[in-house]
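Asks:
In this note's numbering, the protein residues as written are 1 to 401.
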């Protein structure tokens, strides 16, 4: 652990770190989890690998964008509720501003150079590969946990469903419990994120009341009102399992079907979101700003962003105390050993497909990825330095090969 791990931090500190992540975290939700682990576990020592893997597993089981929920929980641990808000704002702000600006025509829809996007994808490959290697050393020390990791990865490859991550985590936990008398064990200490019981209850009730109440309020207002927009985006954020890509059908039904935005514009905004760092849910800012419903513009973009992320924040605050009570159950310690191994399998599956298959197109790409992983493992380069190094190297090799 580094000296930074001692004592609480400030919301300003959390905001600055997550803003850097929001500017540089390319590659999608699983890559974001790897970036977070590198920054908050390996470099800053804010939590242990076991705590981080547990947090990832918990957020995978909740509806909403798992990487953003993990970020909120890290901020909550470091600086309380202001820290959770700072983490969300810092991580989401860069992509949200770009998406709203694009919707308003400020960015003119200019696409980034292909070589730049390709280099950034190679950075994501390196970061996820390093996370898999590091976490496997901690959580895959026995034959049983190695089998769980490989089984989880295989299931995710063969069953590309939004429910697959939930299923493999549950299976990993079940195998861990079944083998609890055969050496499968986990650290039984609770994840140290403190939320008062009263605040947690308020968050859980708010989640339910808003889920039921916003559609009722929208039904009493005009069909294109701000209440209708808020209800549509809140419902999408509250009911989606599997992250950013899975929310697209819900958003399509919510905004394209009623005629609030044209289908081709919807697809164009989604395509632009793929090239940006930060959470894919920032796509909501593009939609909210360009809708022919609600306030539109910057206010509409802000409304859509708050509405789609609010369920995730309420669930993180509301569920953590319940989870910490469940952690006292004797059977949960061996279950967490299996779940942690399944988390490694989740990262491994994403490393192979879509990251490796999408980014490694030539032997030079594979060579750059290997060199990048070695540089991280050996401590030759920090993660932030990989971005200019790998992007420049990819650009240079592309000019000569």
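Ideal Cβ placement from N, Cα and C applies to all residues, glycine included.
1) Quick one: using the 10 Å Cβ neighbour count with 16 as the cut-off for buried, is residue 199 buried or exposed?
2) For residue 359, I'd like the list of residues in its chain whose CB is within less than 6 Å of its CB, leaving aside the five on either flank, ordered along the chain.
3) Are the Cβ atoms of residue 34 and residue 343 separated by less than 8 Å?
4) For residue 59, does the three-state DSSP call read helix, strand or coil?
5) Considering just the uninterrupted stretch of the alpha helix (DSSP H) at residue 82, what are its terminal residues?
6) Tell me whether the region 217-227 and the region 285-299 touch, counting them as touching only if at least three CB pairs, one residue from each stretch, are closer than 8 Å.
7) Would you tell me roughly how many angstroms separate the C-alpha atoms of residue 265 and residue 210, rounded to the nearest one?
8) Give the secondary structure of residue 26 by DSSP, where H, G and I count as helix, E and B as strand, and everything else as coil.
9) Does residue 388 pass the burial test, meaning 16 or more other C-beta atoms within 10 Å, or should it be called exposed?
10) Assign residue 336 to one of three DSSP states: helix, strand, or coil.
11) With distances taken between CB atoms, is the gap from residue 22 to residue 95 smaller than 8 Å?
12) Tell me the residue span of the alpha helix (DSSP H) that contains residue 143.
13) Tell whether a beta-carbon distance below 8 Å holds between residue 321 and residue 197.
14) Just the Cα atoms here: how many angstroms apart are residue 185 and residue 176?
15) Please report the residue range of the alpha helix (DSSP H) in which residue 195 lies.
16) Secondary structure at residue 324, three-state DSSP: helix, strand or coil?
17) In chain order, what residues of the same chain lie with their CB nearer than 6 Å to the CB of residue 182, ignoring the 5 residues before and after it?
18) When you compare the CB of residue 73 with every CB in chain B, is at least one pair closer than 8 Å?
19) I'd like to know if the region 250-266 and the region 278-287 are in contact, where contact means that at least 3 CB-CB pairs between them fall below 8 Å.
20) Since residue 345 contacts residue 148 with CB under 8 Å, what's their CB separation in whole angstroms?
21) In the DSSP assignment, find the unbroken alpha helix (DSSP H) run with residue 168 in it and report its ends.
22) Just checking my contact of residue 77 with residue 99 at CB under 8 Å: how many whole Å lie between their CB atoms?
23) How would you write the range of the alpha helix (DSSP H) that residue 233 sits in, first residue to last?
24) Using the Cβ count rule (16 or more neighbours within 10 Å means buried), how would you classify residue 14?
25) Starting from the C-beta of residue 153, find all residues in its chain whose C-beta is less than 8 Å away, skip the five residues before and the five after it, and write them out in chain order.
26) Which two residues bound the contiguous alpha helix (DSSP H) that contains residue 259?
27) Can you tell me the Cα-Cα spacing of residue 135 and residue 258, whole angstroms?
28) Can you tell me the Cβ-Cβ gap for residue 368 and residue 393, rounded? I've got them flagged as a contact below 8 Å.
29) Does residue 356 pass the burial test, meaning 16 or more other C-beta atoms within 10 Å, or should it be called exposed?
30) List in chain order: all unbroken alpha helix (DSSP H) runs of 4+ residues lying wholly within the region 349-382.
31) If the criterion is Cβ atoms closer than 8 Å, does the pair residue 207 and residue 97 meet it?
32) Would you tell me roughly how many angstroms separate the C-alpha atoms of residue 160 and residue 329, rounded to the nearest one?
33) Are there 16 or more other CB atoms within 10 angstroms of the CB of residue 118, so buried, or fewer, so exposed?
34) At the level of alpha carbons, what is the spacing between residue 229 and residue 213?
Replies: Let's see:
1) Within the chain shown, the letter at position 199 stands for residue 199. It is exposed - the Cβ of residue 199 has fewer than 16 other Cβ atoms within 10 Å.
2) Within the chain shown, numbered from 1, the residue matching residue 359 stands at position 359. Once the five neighbours on either side are set aside, the close Cβ partners of residue 359 are 121, 122 and 125.
3) Working through the chain shown from its first residue, we reach residue 34 at position 34. Working through the chain shown from its first residue, we reach residue 343 at position 343. No, the pair does not count as a contact, with Cβ atoms beyond the cut-off.
4) By 1-based counting over the chain shown, the position of residue 59 is 59. If DSSP states are grouped into helix, strand and coil, residue 59 belongs with the helices.
5) Locating residue 82 in the chain shown gives position 82, where the first residue counts as 1. Looking at the DSSP string, the run of the alpha helix (DSSP H) that includes residue 82 is 66-103.
6) yes
7) The residue given as residue 265 occupies position 265 in the chain shown. The residue given as residue 210 occupies position 210 in the chain shown. Distance between the alpha carbons of residue 265 and residue 210 is about 29 Å.
8) Along the chain shown, one-based indexing puts residue 26 at 26. Three-state result, residue 26: coil.
9) By 1-based counting over the chain shown, the position of residue 388 is 388. Per the 10 Å Cβ criterion, exposed.
10) Taking the first residue of the chain shown as 1, we reach residue 336 at position 336. Residue state, collapsed to three classes: helix.
11) As a working note, residue 22 is residue 22 in the chain shown. As a working note, residue 95 is residue 95 in the chain shown. Yes; because the gap between Cβ atoms is below 8 Å, this pair is in contact.
12) Counting from 1 along the chain shown, the entry for residue 143 is found at position 143. Where residue 143 is concerned, the enclosing alpha helix (DSSP H) stretches over 143-158.
13) Here residue 321 refers to the residue found at position 321 of the chain shown. Here residue 197 refers to the residue found at position 197 of the chain shown. For residue 321 and residue 197, yes; Cβs fall inside 8 Å.
14) As a working note, residue 185 is residue 185 in the chain shown. As a working note, residue 176 is residue 176 in the chain shown. For residue 185, the predicted model reports a pLDDT of 45, less than 50, meaning its position is unreliable and no value from the coordinates is stated.
15) In the chain shown, residue 195 corresponds to position 195, counting from 1. Run containing residue 195: none; DSSP gives neither H nor E here.
16) Within the chain shown, residue 324 is the residue found at index 324, counting from 1. Three-state result, residue 324: helix.
17) Here the question's residue 182 lines up with position 182 in the chain shown. Low local confidence applies: a pLDDT of 49 at residue 182 is under 50, so the model's placement there is unreliable, and no value is given.
18) Among the protein chains of the structure shown there is no chain B, as only one such chain exists.
19) yes
20) The residue you call residue 345 lines up with position 345 of the chain shown. The residue you call residue 148 lines up with position 148 of the chain shown. Contact holds; Cβ gap of about 7 Å.
21) Here the question's residue 168 lines up with position 168 in the chain shown. Counting along the chain, the alpha helix (DSSP H) containing residue 168 begins and ends at 164-178.
22) Your numbering for residue 77 matches position 77 in the chain shown. Your numbering for residue 99 matches position 99 in the chain shown. With 8 Å as the limit, residue 77 and residue 99 do not qualify as a contact, their Cβ atoms being about 28 Å apart.
23) For the purposes of this step, residue 233 is identified with residue 233 of the chain shown, where counting begins at 1. Looking at the DSSP string, the run of the alpha helix (DSSP H) that includes residue 233 is 226-239.
24) Here residue 14 refers to the residue found at position 14 of the chain shown. So residue 14 counts as buried.
25) Counted from its first residue, the chain shown places residue 153 at position 153. Taken in chain order, the residues that qualify are 345, 346, 348, 349 and 352.
26) For the purposes of this step, residue 259 is taken as the residue at position 259 of the chain shown. Run containing residue 259: none; DSSP gives neither H nor E here.
27) Here the question's residue 135 lines up with position 135 in the chain shown. Here the question's residue 258 lines up with position 258 in the chain shown. Each residue's alpha carbon lies about 45 Å from the other.
28) By 1-based counting over the chain shown, the position of residue 368 is 368. By 1-based counting over the chain shown, the position of residue 393 is 393. Contact flag correct, Cβ pair sits at about 6 Å.
29) Within the chain shown, the letter at position 356 stands for residue 356. So residue 356 counts as buried.
30) 363-378
31) The sequence position of residue 207 within the chain shown is 207, counting from 1. The sequence position of residue 97 within the chain shown is 97, counting from 1. Taking 8 Å as the Cβ cut-off, residue 207 and residue 97 do not qualify as a contacting pair.
32) Indexing the chain shown from 1 puts residue 160 at position 160. Indexing the chain shown from 1 puts residue 329 at position 329. So the alpha carbons of these two residues sit roughly 32 Å apart.
33) Walking along the chain shown from the start, residue 118 turns up at place 118. Per the 10 Å Cβ criterion, buried.
34) Within the chain shown, residue 229 is the residue found at index 229, counting from 1. Within the chain shown, residue 213 is the residue found at index 213, counting from 1. Cα-Cα distance, rounded: 13 Å.
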